[in-house]
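Undergrad: The working numbering puts the sequence shown at residues 24 to 402.
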Amino acid sequence: MTRQLSVVLTLALVLAVFVLAGSCNGEDPGAVTPGVVQMSKDNFDQLVGKDKAALVEFYAPWCGHCKSMAPEYAVLGAAYEASTNAKDLLLIGKVDATQESDLGKRFGVTGFPTLLYFAPGSLKPEKYQGSRTAEDFAKYLSGVVAGLRLTIPNEPQFAMELVHTNFDAVAKDPSKSVLVMFYAPWCGHCKALKPTYNKLAKVFSNDKDVVIARINADDAANRKIATEYSVSGFPTLYFFPKGADTKPAEYRNGRNLEDFLTFVNEKAGKHRLANGDLSWEYGVIAELAEAVARVAMSSGESSKAAVEAVKAAAAKLTGSEDAAYYIKTAERIAVKGPAYLENESARLKRTLGGSVAGGRRDNMMMRLNILTSIQKHVK
24 MTRQLSVVLT
34 LALVLAVFVL
44 AGSCNGEDPG
54 AVTPGVVQMS
64 KDNFDQLVGK
74 DKAALVEFYA
84 PWCGHCKSMA
94 PEYAVLGAAY
104 EASTNAKDLL
114 LIGKVDATQE
124 SDLGKRFGVT
134 GFPTLLYFAP
144 GSLKPEKYQG
154 SRTAEDFAKY
164 LSGVVAGLRL
174 TIPNEPQFAM
184 ELVHTNFDAV
194 AKDPSKSVLV
204 MFYAPWCGHC
214 KALKPTYNKL
224 AKVFSNDKDV
234 VIARINADDA
244 ANRKIATEYS
254 VSGFPTLYFF
264 PKGADTKPAE
274 YRNGRNLEDF
284 LTFVNEKAGK
294 HRLANGDLSW
304 EYGVIAELAE
314 AVARVAMSSG
324 ESSKAAVEAV
334 KAAAAKLTGS
344 EDAAYYIKTA
354 ERIAVKGPAY
364 LENESARLKR
374 TLGGSVAGGR
384 RDNMMMRLNI
394 LTSIQKHVK
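1. Around the Cβ of K399, are there at least 16 other Cβ atoms within 10 angstroms (buried) or fewer (exposed)?
2. I'd like the list of long-range same chain contacts for M62, defined as Cβ closer than 7 Å, with 5 residues on each side in sequence excluded.
3. Within 8 Å, do at least three Cβ pairs link the stretch 203 to 217 to the stretch 234 to 252?
4. Can you list, in chain order, the stretches of the beta strand (DSSP E) that have 3 or more residues and sit fully within the stretch 147 to 196?
5. Measuring only the C-alpha atoms, how far is G299 from L223?
6. Are three or more beta carbon pairs between the stretch 235 to 255 and the stretch 189 to 196 nearer than 8 Å?
7. Around the C-beta of G377, are 16 or more other C-beta atoms found within 10 angstroms, so that it is buried, or is it exposed?
8. My assumption, with CB atoms under 8 Å, is that F135 sits in contact with H88. Please give the rounded CB distance.
9. With 16 as the cutoff for other CB atoms within 10 Å, does S396 come out buried or exposed?
10. For R295, does the three-state DSSP call read helix, strand or coil?
11. Tell me, please, which residues DSSP counts as bridged to Q398.
12. Pull up the DSSP beta-bridge partners for T137, would you.
13. Going by C-alpha to C-alpha distance, which of R390, Y305 and C210 sits closest to Y348?
14. By the 10 Å Cβ neighbour count, where 16 or more other Cβ atoms means buried, how is A77 classified, buried or exposed?
15. Just tell me which of Y140, M92, S106 and D230 has its CA closest to the CA of G58.
16. Could you work out which residue in E273, D268 and K231 is closest to E251 when comparing CA atoms only?
17. Who are K117's beta bridge partners in DSSP?
18. How about A319 and V254: are their beta carbons less than 7 Å apart?
19. Quick one: residues in its chain with C-beta nearer than 7 Å to the C-beta of E304, no 5 flanking neighbours on either side, listed in chain order?
20. Check whether the Cβ atoms of I356 and K334 lie closer than 7 Å to each other.
21. I'd like the span of the alpha helix (DSSP H) that includes A92, first residue to last.
22. To the nearest whole angstrom, what separates the beta carbons of K199 and K265, a pair I think is in contact under 8 Å?
23. Quick one, are the C-beta atoms of Y163 and G153 less than 7 Å apart?
24. When the Cα atoms are used, what is the spatial distance from S321 to V330?
25. Can you tell me whether K359 sits near the ligand HEM, meaning its C-beta is under 6 Å from at least one heavy atom of the ligand?
26. With DSSP as the reference, label I248 as helix, strand or coil.
27. Give the secondary structure of Y305 by DSSP, where H, G and I count as helix, E and B as strand, and everything else as coil.
28. By Cβ distance below 7 Å, which residues in the same chain neighbour N288 in space, the five residues on each side in sequence not counted?
29. Could you check how far apart the C-beta atoms of T137 and F227 are, in whole angstroms? I think they sit under 8 Å.
30. With a threshold of 7 Å on Cβ separation, who are the neighbours of V168 within its own chain once the five nearest residues in sequence on each side are excluded?
31. Quick one: what's Y206 bridged to in DSSP?
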């Protein structure tokens, strides 16, 4: 092999490594993680082999499997923090074996990630051989640590799970705006995104014409669909707009909740906030707000005329629930006086401060928005 060819092959190998490192591999395994102790030669023997059991991960920062596991280890750490007795019985730790090579050699670590369980008072570990999920870690530890109360909470899932048999019926439904995440179960980035994506689905759970969905593109039965949309990395997201003649487009914006909210609100014509409530703009019709305010600022015959003016303006918006409430409010003000605005607003705020939810909460938010919009024009 010529020296020139050798250099070319070396460069190609380096490039391949960088490409793999940049693919869907998850989070930084060395990041500070609540509930997980960063261990080194300086503190290892002070922590492990004492009166508490210990589960220790040996990782390498560049390791794709370590990055993929990082979100699961973080969930385990959170469960440890929330446990009523875990801190009395157990330590969860991690070691950067590239920086602490002596510790790695000491315990025979030859690959990453390696997870070792140390019983109380012992420095002879047992190698963890189970699946690398938070649930499996917790199940394993609960089996080897007597009396340990360590559970991973099952959060309700709001994102719709699609498969090849229902994908087209949901994603291509012309009556709905649909956001779909193509994911793979082993993908670290997908695992990291899952909580945010689930929150997004919860935000829009009251909107029947908005669907936040996901599909396992690594499942053999679903790969044809992934190929149809040229999915080559994970996660890949596509937005399917409402309408019969619309075409899906790949979502390329940011991946925090606010980015998703801004996008879906704009594309689907919604007004949702991060907590699921409706924003103050929802239901507001400036022309009608001004017209109803004139009812509040008039009396007698002029008040009746102002109500008729509201009805005439609202008639141009046939079928609008918002417009109907403007009319109802105008009629109430004509009978009860302008104090109705303040009294009704206060009542709605008190009720919304309770446990009211779902469509009823949306309706009350709409009414409060409308009352507030009217009050702004009352002088």
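For every residue, glycine included, the Cβ atom is placed at its ideal position computed from N, Cα and C.
TA: Well, looking at it:
1. It is exposed - the Cβ of K399 has fewer than 16 other Cβ atoms within 10 Å.
2. Within the same chain, Cβ atoms closer than 7 Å to the Cβ of M62 are found at L70, V79, G116, K117 and V118, the five residues on either side in sequence being excluded.
3. The stretch 234 to 252 is in contact with the stretch 203 to 217.
4. Whole beta strand (DSSP E) segments, 3+ residues: 183 to 185.
5. So the alpha carbons of these two residues sit roughly 9 Å apart.
6. Segment contact: the stretch 235 to 255 against the stretch 189 to 196, three or more CB-CB distances shorter than 8 Å; contact assigned.
7. Flag for G377 reads exposed.
8. Confirmed, Cβ separation roughly 7 Å.
9. Under this definition S396 is a buried residue.
10. It is a strand residue.
11. Per DSSP, none; premise fails for Q398.
12. Paired residue(s): F81.
13. Taking each of R390, Y305 and C210 in turn and checking the Cα distance to Y348, the smallest one comes out for R390.
14. When all chains shown are included, A77 counts as buried.
15. Of Y140, M92, S106 and D230, the residue nearest in Cα terms is S106.
16. Residue E273 is the option with its Cα nearest to E251.
17. Residue pairing of K117 in beta bridges, as defined by DSSP: Q61 and E80.
18. With contacts defined by Cβ atoms closer than 7 Å, A319 and V254 do not form a contacting pair.
19. Excluding residues within five positions, the ones whose Cβ falls inside 7 Å are H294.
20. No, Cβ-Cβ distance for I356 and K334 is not below 7 Å.
21. Reading the sequence as shown, one finds Met at residue 92 and not Ala. Note, M92: alpha helix (DSSP H), G87 to A105.
22. The pair is a contact, with the Cβ atoms about 6 Å apart (cut-off 8 Å).
23. Yes.
24. In this structure, the CA atom of S321 is about 10 Å from the CA atom of V330.
25. This structure simply doesn't include the ligand HEM, nor any ligand for that matter.
26. I248: helix per DSSP, three-state reduction.
27. When secondary structure is reduced to three states using DSSP, Y305 falls in the coil class, being assigned neither helix nor strand.
28. Setting aside the 5 residues that flank it on each side, N288 is surrounded in the same chain by H294 and R295, each with a C-beta closer than 7 Å to its C-beta; the list follows chain order.
29. In fact, because the Cβ distance is near 42 Å, the residues do not count as touching under 8 Å.
30. Hits under 7 Å: A76, L112 and L113.
31. Note: Y206 sits in a beta bridge opposite N239.
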